[in-house]
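Visitor: Just dropping this structure here.
Residue numbers (my numbering): 14 to 287.
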């Protein structure tokens, strides 16, 4: 009995080089769509085996970064302004908001130090890893709270025409923010996170909303002669915000008393005392 003939190998191990010459098919074999184009690209390999790019791809600055891959010329086009947010992005935003609200409820109920990520995740109806996908730490929830309050405080300062009016509105806005949080311990924890995690992760200090707005207001006040003489606007903005943080952390006062204390603090930056 003649020995059994093995079938020829029809696969190429991953990573093996492509053959330099493609075998010719028999005359009666059906033509395969795209075979001629593939053969021409194989023959067009340069001396180092790099696939040649067409003229439009060669014009792209990143065309040489992807060896042997097509680089679409449309990737650099600006995104259309008519593109709407997809369902996945909307779902992600809704999940983040549920986690944020569940975290604040946990902080108020248990305190920040005793807060549990597992309880927060269960209250938000997500898994524990989902929490960390949105907030790397519990501190980041406090940063989110501070950021939202800061935007509201900056909006409260709109319309003020003088430095004195700006600082008076700032005192009122700070008291309103304290009342909006509704928990004195949580409010102090939010302020102290800036001391524990300095610098603020992922945020340029110059982009902190209240600090940036104070700097802009103090620069305009210096030009108008309203800022205390000899005090640079950047220094005044830092000292003013640091004084506010210190007062909010160290003084437990009623709203009327806090407003009076803040106005005394802000008066130090007015030109009237020069």
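We treat Cβ as the ideally placed atom computed from N, Cα and C, and that holds for glycine.
In angstroms with no decimal places, state the Cα-to-Cα distance between residue 250 and residue 128.
Guide: So the two alpha carbons sit approximately 34 Å from each other.
Visitor: Nearest CA to the CA of residue 151: which residue from 247, 140 and 133?
Guide: 133
Visitor: So, using beta-carbon positions, are residue 111 and residue 137 closer together than 7 Å?
Guide: Contact flag set, yes.
Visitor: Any idea if residue 230 is buried or exposed, counting beta-carbon neighbours within 10 angstroms, 16 or more meaning buried?
Guide: buried
Visitor: Got a sec, what are the start and stop residues for the alpha helix (DSSP H) residue 291 sits in?
Guide: In this structure the chain extends from 14 to 287, so residue 291 is not present and cannot be described.
Visitor: Could you tell me which residues DSSP pairs with residue 103 in its beta bridges?
Guide: Residue 103 is not bridged by DSSP to any residue.
Visitor: The alpha helix (DSSP H) spanning residue 185 covers which residue range?
Guide: 176-194
Visitor: Could you name the residues that DSSP lists as bridge partners for residue 117?
Guide: Residue 117 is not bridged to any residue.
Visitor: At the level of alpha carbons, what is the spacing between residue 271 and residue 104?
Guide: 41 Å
Visitor: Is DSSP giving residue 240 helix, strand or coil here?
Guide: strand
Visitor: Would you report the Cα separation of residue 130 and residue 196, rounded to the nearest angstrom?
Guide: 20 Å
Visitor: Use the C-beta contact count for residue 269: other C-beta atoms within 10 angstroms, 16 or more gives buried, fewer gives exposed.
Guide: With fewer than 16 other Cβ atoms within 10 Å, it is exposed.
Visitor: Please look up how many angstroms separate the CB atoms of residue 187 and residue 224, rounded, as I've assumed it's under 8 Å.
Guide: Rounded, the Cβ-Cβ distance is 14 Å, inconsistent with contact.
Visitor: Is the CB-CB distance between residue 180 and residue 279 below 7 Å?
Guide: yes
Visitor: Can you have a look at residue 226 and say buried or exposed, based on whether 16 or more other CB atoms are within 10 angstroms of its CB?
Guide: buried
Visitor: So which of 237, 243, 100 and 277 has the shortest CA-CA distance to residue 256?
Guide: 277
Visitor: Between which residues of its own chain and residue 175 is the CB-CB distance below 7 Å, once the five residues before and five after are set aside?
Guide: 239
Visitor: Are any of the Cβ atoms in chain B nearer than 7 Å to that of residue 132?
Guide: Of the protein chains in this structure there is only one, and it is not chain B.
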